[in-house]
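*Asks:* Quick one: the structure is below, and I'll ask about it shortly.
Residue numbers (the numbering used here): 19 to 228.
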């Protein structure tokens, strides 16, 4: 019933949580997405950043840089990230509520610790995939909100590379019919978004580039 109620709403306030491969902290942004006759309308409402404690960032980078790692450490890191995300998200949800912004859904990207968009040989298996940590179930328990997660895994499951996963949102925010636009996101892994103007012979594209 709760899922149906949320999906039937014409307007949703979504709190997005993101930590990039630079692993410097958690970015949070609340946006309002409304259904209109022209499609979805997106409005930024509020946002903030929470730096990782030094010990947490050190552990993230240790796991990211390791070719082999004890699974117990991975489980421990997943729990630590989940605790950090859930504390930050629940505190921000309360702050937003005091400012008359009621969050319907929390969308958590998680912390990427391995990204293999192209198949690599692991033993006798050819594998492509991605792994993000951050225990979204902990965020759900702490905030009491519906959680959306596993964006990159979902993108790979339908035949894409799992990055970038924001092309649809970027098109909605930045594409313009009268001019072509190239947007470069400089993060731990840079990526680009190209949106051609109307009647252009070129096609829209997006990919990691560095």
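Ideal placement from N, C-alpha and C gives every residue a C-beta, glycine not left out.
Mark residue 60 as exposed unless 16 or more other C-beta atoms lie within 10 angstroms of its C-beta, in which case mark it buried.
*Replies:* Classification of residue 60: exposed, given that the 10 Å Cβ count is below 16.
*Asks:* Apply the 10 Å Cβ neighbour rule to residue 154 and answer buried if 16 or more other Cβ atoms are within range, or exposed otherwise.
*Replies:* Its Cβ being crowded by 16 or more others within 10 Å, residue 154 is buried.
*Asks:* Which residues share a DSSP beta bridge with residue 197?
*Replies:* Residue 197 is bridged to 194.
*Asks:* Do the CB positions of residue 141 and residue 40 come within less than 8 Å of each other?
*Replies:* No. Outside cutoff.
*Asks:* In three-state terms, what does DSSP make of residue 45?
*Replies:* Three-state DSSP puts residue 45 in a strand.
*Asks:* Taking a contact to mean a Cβ-Cβ separation below 8 Å, would you say residue 234 touches residue 81 in this structure?
*Replies:* What the structure shows of the chain is the stretch from 19 to 228, and residue 234 is not part of that stretch, so it cannot be assessed.
*Asks:* Just mark residue 67 as buried or exposed, buried being the case when its beta carbon has 16 or more other beta carbons within 10 Å.
*Replies:* So residue 67 ends up on the exposed side.
*Asks:* Looking at residue 125: is its Cβ nearer than 8 Å to the Cβ of residue 161?
*Replies:* Contact flag unset, no.
*Asks:* Tell me whether the beta-carbon of residue 97 lies closer than 8 Å to the beta-carbon of residue 157.
*Replies:* No; because the gap between Cβ atoms is not below 8 Å, this pair is not in contact.
*Asks:* Looking at the structure shown, is residue 4 part of a helix, part of a strand, or coil, going by DSSP?
*Replies:* Any question about residue 4 goes unanswered here, given that the chain covers just 19 to 228.
*Asks:* In chain order, what residues of the same chain have a beta carbon less than 8 Å from the beta carbon of residue 190, not counting five sequence neighbours either side?
*Replies:* Same-chain partners within the cutoff: 57, 58, 60.
*Asks:* Does the segment 33-49 come close enough to the segment 114-129 that 3 or more CB-CB pairs lie under 8 Å?
*Replies:* Judged by Cβ distances under 8 Å, the segment 114-129 makes contact with the segment 33-49, as three or more pairs qualify.
*Asks:* Identify the continuous beta strand (DSSP E) that holds residue 79 and give its terminal residues.
*Replies:* Looking at the DSSP string, residue 79 is not in any beta strand (DSSP E); the run it does join, the alpha helix (DSSP H), is 72-83.
*Asks:* Between the alpha carbons of residue 121 and residue 62, how many angstroms are there, rounded?
*Replies:* Each residue's Cα considered, the two are about 13 Å apart.
*Asks:* Would you mind reading off the limits of the alpha helix (DSSP H) that contains residue 204?
*Replies:* Premise fails: residue 204 is in no alpha helix (DSSP H) and is neither H nor E.
*Asks:* Starting from residue 226, trace the beta strand (DSSP E) both ways and give me its first and last residue.
*Replies:* Run containing residue 226: 223-226, per the beta strand (DSSP E) assignment.
*Asks:* Measuring CB to CB, does residue 69 end up less than 8 Å from residue 42?
*Replies:* Contact: yes.
*Asks:* Per the DSSP calculation, residue 36 is bridged to which residue(s)?
*Replies:* Answer is 45, bridged to residue 36.
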